[in-house]
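**Student:**
Number of protein chains: 2
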Amino acid sequence: MGKGLLNPVAAELFMKLEILRILGNRESLNLIELASELGLQDWEVLEFVNELRKYFMIDYVKGKLTWFSGDNPAKIKPWGWHYVYKVAVGSTMIAARRAPPWSILLAEWQYKSYGRHGKAWISNLGGVWVTLKLEISPRAAQVLPMVIPLAICRYLEERLDIKAKIKWPNDVVVKGKKLAGFLIEAEVLLDKILAYVGIGINVNNEPPVETAISIREVLGKLVPRNNITAYIVGVLGRAEKWSEEAGRVQVQYLEYLETLGTRVKLITRNGTYVGVVKGITESGDIVVETEAGSLKFSSGEVMELRHLD
Amino acid sequence: MGKGLLNPVAAELFMKLEILRILGNRESLNLIELASELGLQDWEVLEFVNELRKYFMIDYVKGKLTWFSGDNPAKIKPWGWHYVYKVAVGSTMIAARRAPPWSILLAEWQYKSYGRHGKAWISNLGGVWVTLKLEISPRAAQVLPMVIPLAICRYLEERLDIKAKIKWPNDVVVKGKKLAGFLIEAEVLLDKILAYVGIGINVNNEPPVETAISIREVLGKLVPRNNITAYIVGVLGRAEKWSEEAGRVQVQYLEYLETLGTRVKLITRNGTYVGVVKGITESGDIVVETEAGSLKFSSGEVMELRHLD
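In the order they appear, the protein sequences are chains R and S.
Those letters in the first sequence? Residues 1 to 309, per my numbering, in order.
Those letters in the second sequence? Residues 310 to 618, per my numbering, in order.
(1) Using the beta-carbon of each residue, which ones in chain S are nearer than 7 angstroms to residue 56 of chain R?
(2) Taking the beta strand (DSSP E) that residue 171 of chain R falls in, what are its first and last residues?
(3) Checking 8 angstroms against the spacing of the C-beta atoms, do residue 179 of chain R and residue 213 of chain R come in under that value?
(4) If contacts are defined as beta-carbon pairs under 8 angstroms, then residue 209 of chain R and residue 162 of chain R qualify, I think. What distance do you get, rounded to the angstrom?
(5) Less than 8 angstroms between CB atoms is the rule here; does residue 353 of chain S satisfy it with respect to chain R?
(6) Where do the ends of the beta strand (DSSP E) carrying residue 550 of chain S lie?
(7) Express the C-alpha separation of residue 82 of chain R and residue 233 of chain R in angstroms, rounding to a whole number.
(8) Residue range of the alpha helix (DSSP H) that residue 352 of chain S falls in?
(9) Rounded C-beta distance between residue 308 of chain R and residue 264 of chain R? I'm assuming under 8 angstroms.
(10) Taking the runs of the beta strand (DSSP E) that are 3 residues or longer, which of them lie wholly in the segment 242-280 of chain R?
(11) Please work out which residues of its chain come closer than 7 angstroms, Cβ to Cβ, to residue 592 of chain S, disregarding the five sequence neighbours upstream and downstream, and give them in chain order.
(12) Which value, in whole angstroms, describes the spacing of the CA atoms of residue 75 of chain R and residue 33 of chain R?
(13) Mapping DSSP to helix, strand and coil, what is residue 543 of chain S?
(14) With a CB to CB cut of under 6 angstroms and the five nearest residues on each side skipped, what residues in its chain are close to residue 274 of chain R?
(15) On a CA-only basis, which of R:113, R:155, R:289, R:204 is nearest residue 72 of chain R? Give me that one, please.
(16) Identify, in the order they occur along the chain, each residue of the same chain with its Cβ nearer than 6 angstroms to the Cβ of residue 415 of chain S, setting aside the five sequence neighbours on each side.
(17) Run through chain R and tell me which residues come within less than 8 angstroms of residue 577 of chain S, C-beta to C-beta.
(18) Do you know whose CA, among S:609, S:563, S:511, lies nearest residue 294 of chain S's CA?
(19) With a floor of 3 residues, list each beta strand (DSSP E) that falls wholly inside the segment 72-117 of chain R, ordered by position along the chain.
(20) Under three-state DSSP, which class holds residue 16 of chain R?
(21) For chain R, find out if any of its Cβ atoms is closer than 8 angstroms to the Cβ of residue 403 of chain S; answer yes or no.
(22) Count Cβ pairs between the segment 34-45 of chain R and the segment 402-412 of chain S that sit closer than 8 angstroms; are there 3 or more?
(23) In three-state DSSP terms, what is residue 191 of chain R?
(24) Does the CB of residue 290 of chain R have a neighbour CB from chain S at under 8 angstroms?
(25) Pick helix, strand or coil for residue 30 of chain R, following the three-state DSSP scheme.
(26) DSSP three-state label for residue 4 of chain R, please.
(27) Would residue 420 of chain S count as contacting chain R if we go by Cβ distances under 8 angstroms?
(28) With 7 angstroms as the C-beta to C-beta threshold (strictly closer), list the residues of the segment 375-399 of chain S near chain R in chain order.
(29) What is the DSSP secondary structure of residue 505 of chain S, reduced to helix, strand or coil?
(30) Comparing the C-beta of residue 407 of chain S with each C-beta of chain R, is any distance below 8 angstroms?
(31) For a contact meaning CB atoms closer than 7 angstroms, what does residue 258 of chain R contact in chain S?
(32) What separation, rounded to the nearest whole angstrom, lies between the Cα atoms of residue 525 of chain S and residue 433 of chain S?
(33) What is the C-beta distance between residue 298 of chain R and residue 139 of chain R, in whole angstroms, given that I count them as a contact (C-beta under 8 angstroms)?
(34) Around the Cβ of residue 612 of chain S, are there at least 16 other Cβ atoms within 10 angstroms (buried) or fewer (exposed)?
(35) Here's a check: name, in chain order, each residue in its chain whose Cβ is nearer than 8 angstroms to the Cβ of residue 290 of chain R, leaving out the five neighbours to either side.
(36) When you compare each of S:367, S:326, S:325, S:353 to residue 337 of chain S by their alpha carbons, which one comes out closest?
As structure tokens, this is what we get:
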């Protein structure tokens with residue numbers, strides 16, 4: 001009845017997500033059964049599966065498909081958390097709004113994810129795209145912007161032997177390219193803060209832009225994702241504890257801070273500043289020595305930070 | 310992290326199908342709950358819902374969404390049939406292959422649907438896209454190509470007061486435009502035929518091409534789809550009965566045959582023929598009076614039939 005109203009990329013993404021949806025809930029599944037369930041030819045499904053195997057640890061042996069449980073988020077049951085895993089979601093940040101405190105929202109694909117200042121964030125297949133909803137003290141909330149990138153850097157270094165740096169305020173970079181980013185939104189209650197921590201990590205996905213990099217690219221192989229998620233969840237679950245050790249957190253944070261001692265250009269809502277980064281305050285503001293003297297900027301003020309060296 | 314790798318049409322289709330998936334399984338649902346489940350802003354969901362309401366009978370009253378059960382295929386339970394409804398599927402024809410005989414496969418959207426001679430068939434949202442798998446006698450199989458378009462024409466005339474015509478071999482046309490089409494594939498068993506009857510009806514969907522038309526366009530309003538499906542299922546369930554009345558079926562078929570008495574051009578695998586349509590044999594072949602005399606063509610031979618008058 002005519003040809004291609006629909007972009008083939010759309011249709012293919014859809015079928016791939018259907019495969020993840022079906023496969024995620026089984027121990028293993030014959031390719032033939034999967035094809036039948038999808039209403040596709042065996043060879044068509046095999047093409048999709050082979051594409052998916054670039055980004056997901058899916059075994060295909062003797063006609064049987066198995067998604068390695070360490071990489072399949074449907075197989076996590078984090079104790080003490082309300083865990084919601086969806087193959088596709090609008091945005092995990094928005095999905096978290098009506099979830100109870102201490103929720104984890106994790107998705108394989110986001111229709112409309114966003115980063116700082118509402119910038120678009122592309123959630124390619126194979127990454128970790130997660131929002132944690134925490135109910136914490138204001139003090140703990142203040143230390144989060146340091147704890148999160150620190151946790152990511154330490155995981156990369158200790159578990160995967162990858163040297164990573166923090167690019168203030170919200171990025172983790174490897175070889176100068178963005179490997180992870182985070183975003184904190186908060187609702188202030190009477191004596192508590194409801195913090196929405198959105199974290200995106202390029203694990204096995206195709207990096208969406210030239211200035212990004214994924215763990216798969218660094219190591220040349222796929223890495224099971226659930227361990228990274230569990231590590232970060234564990235760290236953020238102890239947010240109150242870190243707030244009691246804010247000084248020590250800050251010292252460690254500075255060790256990873258790529259920006260320290262370098263000349264930067266800060267584009268803020270109120271103008272552009274150039275200077276040398278001298279440090280980070282306990283509340284996470286950046287201290288920059290400019291011609292006009294020493295100035296402090298919060299991450300909320302800064303739209304963009306560019307290295308000049 | 311950069312912008313739009315994914316075509317927005319893709320993402321939007323995906324979210325619309327998610328909405329149908331969620332809504333189809335509930336009695337009714339608050340827009341706010343739906344937004345929360347999808348991880349979208351309320352206004353974003355409302356935009357999608359308003360788009361869907363062009364093609365589906367979804368009520369939105371006082372913040373509550375209800376998909377009218379007469380239009381929601383998730384609400385059908387056809388007695389005596391194995392019924393499989395999927396929001397999205399590769400092709401209902403292929404999904405039917407491993408289903409038991411007397412199965413119905415119905416989908417809102419098909420990734421890779423096809424028509425006669427493998428031509429692409431676009432399954433826009435709001436149509437009836439269904440495959441029936443029948444186990445019937447060879448005699449009953451022979452009468453199917455007449456019974457199917459006849460059933461569609463009678464439904465349109467008797468229930469919706471729409472004058473429709475059969476365009477041999479596989480189309481139903483209204484005002485010269487295609488409103489429905491069908492496709493029969495078969496596996497021959499020892500004494501039985503496994504027939505796969507694929508039927509596509511432009512009910513409330515946007516017609517995919519200029520030469521197509523939908524019931525919604527003809528009547529200027531949405532029509533609940535389940536009744537049409539039930540009618541056709543009922544007719545095809547009595548395939549053996551029709552084979553006993555093949556003569557009467559043929560007479561009625563000819564009454565609806567637009568092609569009768571007109572000059573046509575037939576493009577076949579073996580060449581092109583021009584002549585006047587004289588009738589249809591009991592086995593559904595077309596009889597054409599050509600310069601070379603009276604010739605018979607099966608629907609399998611004919612790639613295309615064009616009217617010359």
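We put the beta carbon where it would ideally sit given N, CA and C, even for glycine.
In this text the structure is predicted, and so the values were computed from the model without any measurement.
**Tutor:** Reading it off the structure:
(1) Result: empty, since nearest Cβ-Cβ is about 18 angstroms, beyond 7 angstroms.
(2) 171-174
(3) Annotated as proximal: residue 179 of chain R and residue 213 of chain R, with beta-carbon spacing under 8 angstroms.
(4) Between residue 162 of chain R and residue 209 of chain R the Cβ distance is about 20 angstroms, and since that is not below 8 angstroms, they are no contact.
(5) yes
(6) Careful: residue 550 of chain S lies outside any beta strand (DSSP E), inside the alpha helix (DSSP H) at 548-553.
(7) In a straight line, the C-alpha of residue 233 of chain R is about 12 angstroms away from that of residue 82 of chain R.
(8) From DSSP, the alpha helix (DSSP H) with residue 352 of chain S extends over 351-361.
(9) 6 angstroms
(10) Listed in chain order, the complete beta strand (DSSP E) runs (minimum 3 residues) inside the segment 242-280 of chain R are 263-268, 271-280.
(11) Once the five neighbours on either side are set aside, the close Cβ partners of residue 592 of chain S are 451.
(12) 21 angstroms
(13) helix
(14) 265
(15) R:204
(16) 382, 394, 439
(17) Result: empty, since nearest Cβ-Cβ is about 21 angstroms, beyond 8 angstroms.
(18) Past the edges of chain S, shown from 310 to 618, lies residue 294 of chain S, and the structure says nothing about it.
(19) 82-89, 103-110
(20) helix
(21) yes
(22) The segment 34-45 of chain R is in contact with the segment 402-412 of chain S.
(23) Coil.
(24) no
(25) strand
(26) Caution applies to residue 4 of chain R, whose pLDDT of 38 falls short of 50 and renders its modelled position unreliable; the model cannot decide the point.
(27) yes
(28) 397, 398, 399
(29) The answer is strand: DSSP assigns residue 505 of chain S an E or B state.
(30) Closer than 8 angstroms: yes.
(31) Residues of chain S passing the Cβ test: none, with the nearest at roughly 18 angstroms.
(32) 13 angstroms
(33) With 8 angstroms as the limit, residue 298 of chain R and residue 139 of chain R do not qualify as a contact, their Cβ atoms being about 17 angstroms apart.
(34) Result: exposed.
(35) 273, 274, 275
(36) S:367
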